[in-house]
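For what it's worth, my numbering labels the leading residue of the sequence shown as 1, then goes sequentially. Glycine included, each C-beta is placed from N, C-alpha and C at the ideal position. For reference, the structure discussed in these notes is given below.
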Amino acid sequence: MTYGGNHISHLIFLKDKQLYWAQENKVLIVYKTIFNRAIVLSDPIGEPTLFQAAINEFFENCNDKGLKPLFYQISLANMHLYQEIGYRFMKLGEEGKVTLPTYSLEGKQGAKLRTKFNKFSRLGYTFRVVTPPYSDAFIDELSVVSNTWLGNQKEKGFSVVSFSKEYVERFPVALLYDSNGQTVAFVTLPTDYRKTIIIDLMRKIPNTPHGTMDVLFIHIMKWAKNHEYQSCSLGMAPLANVGNSTTSLFSEKMIHKVVSYGKFSYNIKGLKEFKSKFASVWEPKYLAYKGAFLPVALFHIYLVIHKTPVPQPILVQKIKLFLKKAG
Numbered sequence: 001m002t003y004g005g006n007h008i009s010h011l012i013f014l015k016d017k018q019l020y021w022a023q024e025n026k027v028l029i030v031y032k033t034i035f036n037r038a039i040v041l042s043d044p045i046g047e048p049t050l051f052q053a054a055i056n057e058f059f060e061n062c063n064d065k066g067l068k069p070l071f072y073q074i075s076l077a078n079m080h081l082y083q084e085i086g087y088r089f090m091k092l093g094e095e096g097k098v099t100l101p102t103y104s105l106e107g108k109q110g111a112k113l114r115t116k117f118n119k120f121s122r123l124g125y126t127f128r129v130v131t132p133p134y135s136d137a138f139i140d141e142l143s144v145v146s147n148t149w150l151g152n153q154k155e156k157g158f159s160v161v162s163f164s165k166e167y168v169e170r171f172p173v174a175l176l177y178d179s180n181g182q183t184v185a186f187v188t189l190p191t192d193y194r195k196t197i198i199i200d201l202m203r204k205i206p207n208t209p210h211g212t213m214d215v216l217f218i219h220i221m222k223w224a225k226n227h228e229y230q231s232c233s234l235g236m237a238p239l240a241n242v243g244n245s246t247t248s249l250f251s252e253k254m255i256h257k258v259v260s261y262g263k264f265s266y267n268i269k270g271l272k273e274f275k276s277k278f279a280s281v282w283e284p285k286y287l288a289y290k291g292a293f294l295p296v297a298l299f300h301i302y303l304v305i306h307k308t309p310v311p312q313p314i315l316v317q318k319i320k321l322f323l324k325k326a327g
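Put into structure tokens, the structure is as follows:
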């Protein structure tokens, strides 16, 4: 059996997180500390039958160090593991996935995207996927696109991907070129080391025609389908379908009210609407918390994400082998 990773395990290679090897190195827990918190990124990785013991081990290790663990973006399938040690939950959003074997632009449902795709083709836009190793000139070209996209913003970290030469050169890159051969947009394409490809770092130059990223995504889906991937993860749409049900938790309803107004609401709705053009499956993701005032816990997560990533040394080859390991 291959362990594989999850929808954000590739972010380990940003090197801005800490690693806890549990259960005799058969389970990996990825986290970052801030104040007295240990914020864990998603579920454990490794041997599933050892996840409960690994979480218990990590929890005790944190207690010994005076740290309080939070588990960020855990899956519904693993919620029972955290319930066992008294955790409560808040829905954070939903991960969009594309079922690639059935992906198609045919019919009425794909009409708008099909029209955009054909328009860009007529205008001479082209697509290709390249794989490492990359030349310095190629990385510099991507860096220019990334910097123009970033503008005056700072790179984020933890659960949000950022641009660095060392990170980008680990993965295939999908590129969209205009009729002059200029790179107008790119996406890095890590995998979960099984049959899922992941839309990762997305960057484009300013003033591209409307629909540029739509067209790049269509090309990626077609390419991934032709290469026999089964699924494409679009990442989490934050706060998607959070607090809008009569069965939602009180905390989720309060957050829904807070984000239902203004620019923040517009940005969140826009991201969900964009991903909904492609996603055929939505999987909920949760925050598991215990003994914490929820607004403070959420603020600590915000600080971790918005702190400029500082790479730390990690054993890259060990992690790559672990994710691909046959148990």
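Compute the Euclidean distance between the alpha carbons of Thr99 and Ile12, then round it to the nearest angstrom.
25 Å
Beta-carbon separation of Phe58 and Ile29 under 8 Å?
yes
Measuring only the C-alpha atoms, how far is Pro44 from Asn6?
9 Å
Quick one: give me the first and last residue of the alpha helix (DSSP H) that Lys324 is part of.
Val316 to Lys324
So within the stretch 69-114, which uninterrupted alpha helix (DSSP H) runs reach at least 4 residues, ignoring any that extend past its ends?
List check, alpha helix (DSSP H) in window: 79-83.
Answer yes if the stretch 197-207 comes into contact with the stretch 139-149, meaning at least three C-beta pairs across the two stretches below 8 Å, and no otherwise.
yes
Indicate whether the contact test is met: 3 or more Cβ pairs, each with one atom in the stretch 98-117 and one in the stretch 304-316, closer than 8 Å.
no
Do Gly93 and Pro238 have their beta-carbon atoms positioned less than 8 Å apart in this structure?
Pairing Pro238 with Gly93 gives a Cβ-Cβ distance under 8 Å.
Measuring CA to CA, which of Ile34, Thr308 and Ala297 is closest to Lys154?
Thr308
With a threshold of 7 Å on Cβ separation, who are the neighbours of Val346 within its own chain once the five nearest residues in sequence on each side are excluded?
Given that the chain is displayed from residue 1 to residue 327, the structure contains no residue 346 and the question cannot be resolved.
Opposite Pro284 in the DSSP bridges: which residues?
Glu94
Taking Gln52 as part of the alpha helix (DSSP H), name the residues at either end of that continuous run.
From DSSP, the alpha helix (DSSP H) with Gln52 extends over Phe51 to Asp64.
Does the separation of the CB atoms of Phe217 and Phe120 fall below 8 Å?
In this structure, Phe217 sits away from Phe120, with a CB-CB distance that is not shorter than 8 Å.
Measuring only between beta-carbons, confirm whether Asn207 sits less than 8 Å from chain C.
The structure shown has no chain C; it contains just one protein chain.
If you follow the alpha helix (DSSP H) that Leu303 is in, where does it begin and where does it stop?
Leu294 to His306
Given a threshold of 16 other Cβ atoms within 10 Å of its Cβ, counted over all protein chains shown, does Gln73 qualify as buried or as exposed?
Burial call: buried.
For Val145, list the residues DSSP reports as bridge partners.
Val145 pairs with nothing; no bridge assigned.
Is DSSP giving Ala137 helix, strand or coil here?
In the three-state reduction of the DSSP assignment, Ala137 falls in the helix class, which pools H, G and I.
Since Ile34 sits in a beta bridge, which residues does DSSP pair it with?
DSSP lists Arg37 as partners of Ile34.
In angstroms, rounded to a whole number, what distance separates the CA positions of Leu142 and Leu271?
23 Å
Assign Leu14 to buried or exposed, taking buried as 16 or more other Cβ atoms, counted over all protein chains shown, within 10 Å of its Cβ.
buried
Which class does Lys119 belong to by DSSP, given the choice of helix, strand or coil?
helix
Going by the DSSP bridge assignment, what does Gly4 pair with across the sheet?
In the DSSP assignment, Gly4 forms no beta bridge with any residue.
When we look at the beta-carbon of Thr115 and count the other beta-carbons within 10 Å, is it buried (16 or more) or exposed?
exposed
Measuring only the C-alpha atoms, how far is His10 from Leu19?
Distance between the alpha carbons of His10 and Leu19 is about 13 Å.
How is the beta strand (DSSP E) around Lys204 delimited, first residue to last?
Met202 to Lys204
Taking the alpha-carbon positions, what's the Leu50 to Tyr286 distance?
When only Cα atoms are considered, Leu50 and Tyr286 end up about 21 Å apart.
Taking its Cβ as the centre, do 16 or more other Cβ atoms sit within 10 Å of Ser135, making it buried, or is it exposed?
exposed
Where does Ile29 fall in DSSP's three states?
strand
Grouping DSSP H, G and I as helix and E and B as strand, with all else coil, what is Ile220?
When DSSP states are grouped into helix, strand and coil, Ile220 belongs to the helix group.
If you count every other CB in all the chains shown that lies within 10 Å of the CB of Arg128, and 16 or more means buried, which is it?
exposed
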